[in-house]
Amino acid sequence: MRRKLKIKTGDIVKVIAGNQKGTQGKILRVFANKNRVIVEGVNVVKKHNKPNANNPKGGITEKELSIDISNISLITSD
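Residue numbers (my numbering): 213 to 290.
Rendered as structure tokens:
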């Protein structure tokens, strides 16, 4: 049985564990089946893109990766 998540998209949360501990951000997306969330400005990685037909110059893009739901604490709810 899956447990019900108490957070949703748009809530403000604080990271309580890991390299980004103490950082606050807004939830952009919730993956309920994996118990993971994407938080704005947290766990940002740089991805190097090769040039292709859609993007002839290529370049470096920044993207937020998901973090486990156990590593965040709810601050305010929408």
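Don't be surprised by glycine CBs; every beta carbon is placed ideally from N, CA and C.
Exercise for review: Could you tell me the distance, in whole angstroms, from the CA atom of I281 to the CA atom of I272?
Suggested key: Within the sequence shown, the letter at position 69 stands for residue 281. Within the sequence shown, the letter at position 60 stands for residue 272. Roughly 28 Å between the two C-alpha positions.
**Study point:** N264 classed as buried or exposed, judged by whether at least 16 other C-beta atoms fall within 10 angstroms
**Key:** Numbered from 1 along the sequence shown, position 52 holds the residue referred to as residue 264. Classification of N264: exposed, given that the 10 Å Cβ count is below 16.
Exercise for review: Can you tell me which of G234, V257, K218 puts its alpha carbon nearest to the alpha carbon of A244?
Suggested key: Here residue 244 corresponds to residue number 32 of the sequence shown, with the count starting at 1. K218 is the residue among G234, V257, K218 whose C-alpha sits nearest the C-alpha of A244.
Exercise for review: Write down the C-beta distance between I287 and R248 rounded to the nearest angstrom, noting that I regard them as a contact closer than 8 Å.
Suggested key: Here residue 287 refers to the residue found at position 75 of the sequence shown. Here residue 248 refers to the residue found at position 36 of the sequence shown. With a contact defined as Cβ atoms closer than 8 Å, I287 and R248 miss out at about 19 Å.
Practice item. With DSSP as the reference, please indicate the residues paired to L286 in a beta bridge. Key: Here residue 286 refers to the residue found at position 74 when the sequence shown is read from its first residue. Beta-bridge partners assigned by DSSP to L286: V225.
Point to revise | Secondary structure of I219, DSSP reduced to three states | key: The count along the sequence shown starts at 1 and reaches residue 219 at position 7. DSSP places I219 outside both helix and strand once states are collapsed to three, so it counts as coil.
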